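Peer 1: The sequence shown begins at 42 in the working numbering and counts up one residue at a time.
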Amino acid sequence: MAYVYDDQNIFAKILRGEIPNSTVLETKYSLAFRDVAPQAPDHILVIPRGPYVTFDHFAANATDAEIVDFTRTIGDVCRMTTLDPDNGDGYRLIANAGDHGVQDVPHLHVHILGGRVLGRMLSSTD
Ligand code: DGP
Numbered sequence: 042m043a044y045v046y047d048d049q050n051i052f053a054k055i056l057r058g059e060i061p062n063s064t065v066l067e068t069k070y071s072l073a074f075r076d077v078a079p080q081a082p083d084h085i086l087v088i089p090r091g092p093y094v095t096f097d098h099f100a101a102n103a104t105d106a107e108i109v110d111f112t113r114t115i116g117d118v119c120r121m122t123t124l125d126p127d128n129g130d131g132y133r134l135i136a137n138a139g140d141h142g143v144q145d146v147p148h149l150h151v152h153i154l155g156g157r158v159l160g161r162m163l164s165s166t167d
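1) With DSSP as the reference, identify every bridge partner of residue 98, one or two as the case may be.
2) Grouping DSSP H, G and I as helix and E and B as strand, with all else coil, what is residue 142?
3) Based on Cα-Cα distance, which residue from 90, 114, 100 and 132 lies nearest to residue 55?
4) Given a threshold of 16 other Cβ atoms within 10 Å of its Cβ, counted over all protein chains shown, does residue 85 qualify as buried or as exposed?
5) Candidates 99, 143 and 157: which alpha carbon is nearest residue 81's?
6) Alpha carbon to alpha carbon, what distance is there between residue 148 and residue 162?
7) Which of the three DSSP states, helix, strand or coil, is assigned to residue 116?
8) What does the alpha-carbon distance come out to for the pair residue 133 and residue 151?
9) Have a look at the DSSP bridge pairing and note the partners of residue 67.
10) With residue 154 as the anchor, note down where its beta strand (DSSP E) starts and where it stops.
11) Should residue 115 go down as buried or exposed, given a rule of 16 or more other Cβ atoms within 10 Å for buried?
12) Does the beta-carbon of residue 73 have 16 or more other beta-carbons within 10 angstroms, so that it is buried, or is it exposed?
13) Just how far apart, CA to CA, sit residue 93 and residue 46?
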C-alpha cells in the first residue's frame with residue numbers, strides 16, 4: 042500500500058507558517074524546532090520540508106540532497122545544543138512510525154532528546 046500524505050497534519054501547517062514554532066535551525070530541506078510537550082530538558086524535532094510520512098517513506102523517495110541535508114541537520118542540532126558526547130553528555134534519536142511505533146503526527150520527524158539520563162531504550166510494553 043502506498044503512503045498517502047495528509048497535508049493538513051500539524052507539521053505541514055508549521056512548515057507553511059500557519060502555526061508558530063520555536064525554531065532551532067532552518068535549512069533548504071529541513072526544519073528543527075522545539076517539541077511543544079518536551080519529555081526531556083532538550084527535546085527538539087527535525088523534519089524534512091518534503092511530504093514524507095515515515096522514515097522508510099523518506100529513505101525510499103527523497104532525493105540524495107534531501108537525505109544529506111536532513112542527516113546533517115540532525116547532527117548540527119546535536120552539536121549546536123552541545124548534546125553531542127564530544128562536548129556534552131549525549132542524546133537519543135527516535136523516529137516513531139505507524140501504529141506500533143505510536144506515531145501521532147504523520148509527517149516524518151526525528152526526536153532529539155537529551156539533558157538528562159534517559160533510561161533504557163524501552164521501559165514498558167504499553
Ligand atoms: P510522535 O508521537 O512521534 O508523532 O510525536 C509527535 C510530537 O509532536 C510530540 O512529541 C508532540 C509534538 N507536537 C505536536 N503538536 C505540536 C505542535 O503544534 N508544535 C510543536 N512544536 N510540537 C508539536
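Idealized CB from N, CA, C, for every residue including glycine.
Remember, predicted model here, so these are calculated numbers, not experimental data.
Peer 2: The short version:
1) For the purposes of this step, residue 98 is identified with residue 57 of the sequence shown, where counting begins at 1. Secondary-structure assignment with DSSP links residue 98 through no beta bridge to anything.
2) Here the question's residue 142 lines up with position 101 in the sequence shown. DSSP places residue 142 in coil when its eight states are reduced to three.
3) Locating residue 55 in the sequence shown gives position 14, where the first residue counts as 1. Ranked by how close their Cα comes to the Cα of residue 55, the residues 90, 114, 100 and 132 have 90 in first place.
4) One-based indexing of the sequence shown puts residue 85 at position 44. By the neighbour-count rule (16 or more Cβ atoms within 10 Å), residue 85 is buried.
5) Stepping through the sequence shown from its first residue, residue 81 is reached at position 40. Of all alpha-carbon atoms in 99, 143 and 157, the one lying nearest the alpha-carbon of residue 81 is that of 157.
6) Taking the first residue of the sequence shown as 1, we reach residue 162 at position 121. Taking the first residue of the sequence shown as 1, we reach residue 148 at position 107. Their backbone Cα atoms lie some 23 Å apart in a straight line.
7) For the purposes of this step, residue 116 is taken as the residue at position 75 of the sequence shown. In the three-state DSSP reduction, residue 116 falls in the helix class (H, G or I).
8) Against the sequence shown, residue 133 aligns to sequence position 92. Against the sequence shown, residue 151 aligns to sequence position 110. Cα-Cα distance, rounded: 10 Å.
9) Within the sequence shown, residue 67 is the residue found at index 26, counting from 1. The partner list for residue 67 (beta bridge, DSSP) reads 72.
10) The sequence position of residue 154 within the sequence shown is 113, counting from 1. Residue 154 -> beta strand (DSSP E) spans 151-155.
11) For the purposes of this step, residue 115 is identified with residue 74 of the sequence shown, where counting begins at 1. By the neighbour-count criterion, in which a residue is buried when 16 or more other Cβ atoms sit within 10 angstroms of its Cβ, residue 115 is buried.
12) Position 32 of the sequence shown, counting from 1, holds the residue named residue 73. In summary, residue 73 is buried, with 16 or more beta-carbon neighbours lying within 10 Å of its beta-carbon over all protein chains present.
13) Along the sequence shown, read from residue 1 onward, the residue named residue 93 stands at position 52. Along the sequence shown, read from residue 1 onward, the residue named residue 46 stands at position 5. Using only the alpha carbons, I get a separation of about 7 Å.
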